Amino acid sequence: DGGITQSPKYLFRKEGQNVTLSCEQNLNHDAMYWYRQDPGQGLRLIYYSQIVNDFQKGDIAEGYSVSREKKESFPLTVTSAQKNPTAFYLCASNDRRGSETQYFGPGTRLLVL
Amino acid sequence: AQSVAQPEDQVNVAEGNPLTVKCTYSVSGNPYLFWYVQYPNRGLQFLLKYITGDNLVKGSYGFEAEFNKSQTSFHLKKPSALVSDSALYFCAGAPPGQNFVFGPGTRLSVLP
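Respectively, the protein sequence lines represent chains U and G.
If you read the first sequence in my numbering, its first letter stands for residue 12, the second for the next number, and so on.
If you read the second sequence in my numbering, its first letter stands for residue 16, the second for the next number, and so on.
See the structure below:
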């Protein structure tokens with residue numbers, strides 16, 4: 012899992028609650044990514060950021076928000092607007108978007124109470 | 016649209032036998048291609064990548080992959096499977112300057 016940490020390992024969300032997943036990297040990578048993993052569907056891109064204070068929506072951004080105030084940090088908030096948040100969330104980073112190898116954190120499993 | 020296909024949901028192989036996990040891609044340009052492995056409740060671990068040059072790429076843990084441009088394939092191989100190779104394997108493609116496209120994953124079971 013390299014130099015990327017995610018916390019918590021498990022997270023429980025109540026109805027109507029916003030929750031924030033942490034992602035920190037010490038690889039000095041410019042680009043960071045959030046993916047959602049559901050069984051049998053592979054990884055789907057939620058948001059990505061190529062540089063501090065800038066980020067773009069991925070394929071399934073609705074119900075999620077992010078910030079990139081520091082190069083090493085890219086937190087993901089799952090809002091109450093996300094009606095089906097139960098999934099495994101993976102954070103990744105690379106030197107720049109596209110061709111460079113992405114390295115992944117250990118993941119956060121989000122469950123709904 | 017860009018896509019990566021892994022036509023087999025599940026691959027079973029006996030320990031000591033060779034294994035192949037298939038991947039085909041529909042990605043524009045000259046894509047970079049990757050293989051990752053995921054163990055239960057863990058993140059993805061990088062195995063190998065193809066950028067250019069030799070069509071046979073060697074990676075971690077004895078894995079290798081063969082790039083075939085005419086068949087748009089990038090199959091993962093290992094000469095002799097281990098029980099510890101049992102995991103979920105993902106193929107991914109990255110068009111130049113664009114985001115990764117992941118396949119749906121193939122579950123490999125190596126039987127003792």
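Note that CB positions come from ideal geometry on N, CA and C, so glycine has one too.
Source: prediction; values computed, not measured.
query	result
Grab me the residues of G/Leu126's own chain with a C-beta within less than 6 angstroms of its C-beta, minus the 5 sequence neighbours each way, in chain order.	Ala29
Taking Cβ-Cβ distances shorter than 7 angstroms, what residues in chain G pair up with U/Gly115?	The identity of residue 115 of chain U in the sequence shown is Phe, whereas the question assumes Gly. By Cβ distance, chain G contributes Gly58 and Leu59.
Along chain G, in chain order, which residues have C-beta atoms closer than 8 angstroms to that of U/Thr112?	Phe49, Phe61 and Lys64
Please report the straight-line C-alpha distance between G/Arg122 and G/Gln86, rounded to a whole angstrom.	23 angstroms
For a quick check, are the C-beta atoms of U/Val77 and U/Ser60 less than 8 angstroms apart?	yes
By DSSP, does U/Gly14 sit in helix, in strand, or in coil?	coil
Using a Cβ-Cβ cutoff of less than 6 angstroms, which residues in the same chain neighbour U/Ser18 once the five nearest sequence positions on both sides are dropped?	Ser33
For U/Arg79, which of U/Asn105, U/Arg120, U/Asp41 and U/Asn64 has the nearest alpha-carbon?	U/Asn64
Should the segment 43-60 of chain U be regarded as contacting the segment 30-45 of chain G, the criterion being three or more beta carbon pairs within less than 8 angstroms?	no
Taking the alpha carbon of U/Val30 as the point to measure from, which residue in U/Asn37, U/Tyr21, U/Gln36 and U/Leu38 has its own alpha carbon closest?	U/Tyr21
Classify G/Tyr15: buried if its beta carbon has 16 or more other beta carbons within 10 angstroms, exposed otherwise.	Nothing can be reported for residue 15 of chain G: it is not among the residues displayed for chain G, which extend from 16 to 127.
Within 10 angstroms of its Cβ, does G/Lys64 collect 16 or more other Cβ (buried), or is it exposed?	buried
What do you get for U/Tyr114, buried or exposed, if any count of 16 or more other CB atoms within 10 angstroms of its CB means buried?	buried
Are the C-beta of U/Gln52 and some C-beta of chain G separated by less than 8 angstroms?	yes
Quick check on this structure: which residue in U/Gly14, U/Thr16, U/Ile15 and U/Phe23 has the alpha carbon closest to the alpha carbon of U/Asn95?	U/Phe23
For the putative contact between G/Tyr40 and G/Phe89, defined by C-beta atoms under 8 angstroms, what is the C-beta separation to the nearest angstrom?	6 angstroms
Give me, in chain order, the residues of the same chain whose beta-carbon lies closer than 6 angstroms to that of U/Glu35; leave out the 5 immediate sequence neighbours on both sides.	Thr16, Glu83 and Ser84
Can you tell me whether G/Leu91 is buried or exposed? The criterion is at least 16 other CB atoms within 10 Å of its CB, across all chains shown.	buried
Of all the alpha helix (DSSP H) runs that stay within the bounds of the segment 38-111 of chain U, which reach a length of 4 or more residues?	none
Go through its chain and collect everything with a Cβ distance to U/Lys81's Cβ below 7 angstroms, but skip five positions before and after it.	Val63
Quick check: what's the CA-CA separation for U/Gly27 versus U/Asn105?	34 angstroms
On the CB-based measure, 16 or more other CB atoms within 10 Å of its CB, does G/Ala16 come out buried or exposed?	exposed
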